[in-house]
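Numbering (the numbering used here), first residue to last: 62 to 383. Beta carbons are placed, not taken as given, at the ideal position from N, Cα and C, and that holds for glycine. Small disclaimer: the values here were computed from a predicted structure and weren't measured. The structure appears below as C-alpha cells.
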C-alpha cells in the first residue's frame, strides 16, 4: 500500500527545508572558519577573540537554532546525533572548499556579515554592559591591591629610592594594560611591501630601529616584521638591489587590553621582543616592545640612538649659553 500523498509532500518539504538549513549553515560556518583562519595565519591574533562580539553571538545562536530545527525536521530518536553529524559533514566540506581563499570568501560575504552583526548588535551590547560592570569591579579591586602593595613597599625597610621604584613598577605590571604603554599607530615607523630595498635601508637608517613592521597596502594588513640584521649580508657583499620581502618574519599580535605581566610572560615563552597591538576587529592600534615593558619597571631606558639636549651651547668664541 502506497503512503498517502500528504505524507510524501510532508517528507519532501522536510527534506527541502533541511537542505536549505544546511546550505545556510555552510555559509555561516565558512564565515566563522575564514575569520578564525585569518587570525591564526596572522600569528595568533587571539583567534576567535578578534571576531566582533555581535558576530560571535550570532554564530552561537544560529548553531543552536540549527540543531533544534534539524532535530525537529528529522523526527527520529537519534535526531540530535544525526543533526550533529550532518553539521560536521557540511562544515568539513565547506572548510575544504574555501581553504586558501579565506580573504576572498570574507569579501564576498561582507553584506551578510554586516547583516548578522546588525541583528545581534543590540543584544550583544546589552550583555556587554553586565560584563563591563564586572570588569569595573575587578579593576577597582586591582587598583586597591596596588595601593596596598605600594604602602607596604613604602613602609618596608628599603633604603634606595630606585629599589622602591622598581618594586612598585613590578607590582603595577598586573594593573597596566598593553594599551597604556604601546607606541600608537600614528607614531609607528613601518615598511610597505612595495618599497625598494634602497628605500627600506634609508628608512632603517633614518629611524634607527633594528626591527620594523611590514604592511601590504594598509597598516591594518600587517605581514610581519623585518629584522635589519637579516640584510647585513647584502650590504657586506655590496648588493644594493635585493628581494628584502623574503626576509619578513612572522608577526605576533596582542589585544590592547592584555595586561603587561601576561605580555612579558608571552615574550619570554615565545622568545620575541615586540608585538603588534590590534583592536577587536583586527585593525592595527600600535606596537609594543620588550623595552616598553621593562621601562615600566626600571624607568626610561636610553640607548645609543637617544639624544639629550645639551646643557650648554657655544654662541661665540669663549662665550657659552647655559
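By the neighbour-count criterion, in which 16 or more other beta carbons inside 10 Å mark a residue as buried, residue 251 falls on the buried side. As a beta-bridge residue in DSSP terms, residue 253 pairs with 276. Going by DSSP, residue 292 is part of no beta strand (DSSP E) at all; its letter is neither H nor E.
For the options 347, 80, 160, the alpha carbon positioned closest to that of residue 93 is the one of 160.
Look at residue 162 here: in three-state DSSP terms it is coil, with no helix or strand label. When C-alpha distances from residue 333 are compared across 315, 345, 339, 343, the shortest belongs to 315.
Setting aside the 5 residues that flank it on each side, residue 349 is surrounded in the same chain by 239, 243, 336, 338, each with a C-beta closer than 6 Å to its C-beta; the list follows chain order.
Collapsing the DSSP output to three states places residue 74 in a helix. For residue 123, the closest C-alpha among the options 272, 283, 84 is that of 84.
Excluding five sequence positions before and after residue 303, the CB atoms of its chain that fall closer than 6 Å to its own CB belong to 258, 295, given in chain order.
Residue 283 is positioned such that its CB atom lies closer than 8 Å to that of residue 312.
Only exposed fits residue 293, as fewer than 16 other CB atoms lie within 10 angstroms of its CB.
In this structure, residue 354 lies near residue 324, with their beta-carbon atoms less than 8 Å apart. Taken through DSSP and simplified to helix, strand or coil, residue 336 comes out as strand. Here the C-alpha atom of residue 319 lies approximately 21 Å from the C-alpha atom of residue 96.
Within the DSSP bridge table, the entry for residue 129 names no partner. With a threshold of 16 other beta carbon atoms within 10 Å, residue 89 meets it and is buried.
When secondary structure is reduced to three states using DSSP, residue 281 falls in the strand class. Shown here, residue 319 sits in coil according to DSSP, grouped into three states, outside any helix or strand.
By the beta-carbon neighbour count (other beta carbons within 10 angstroms, threshold 16), residue 86 is buried. Nearest Cα to residue 328 within the set 317, 351, 306, 343: 351. The alpha-carbon separation between residue 300 and residue 306 amounts to approximately 15 Å. Listed as beta-bridge partners of residue 238 by DSSP are 320.
Going by beta carbons, residue 166 and residue 91 fall inside the 8 Å limit.
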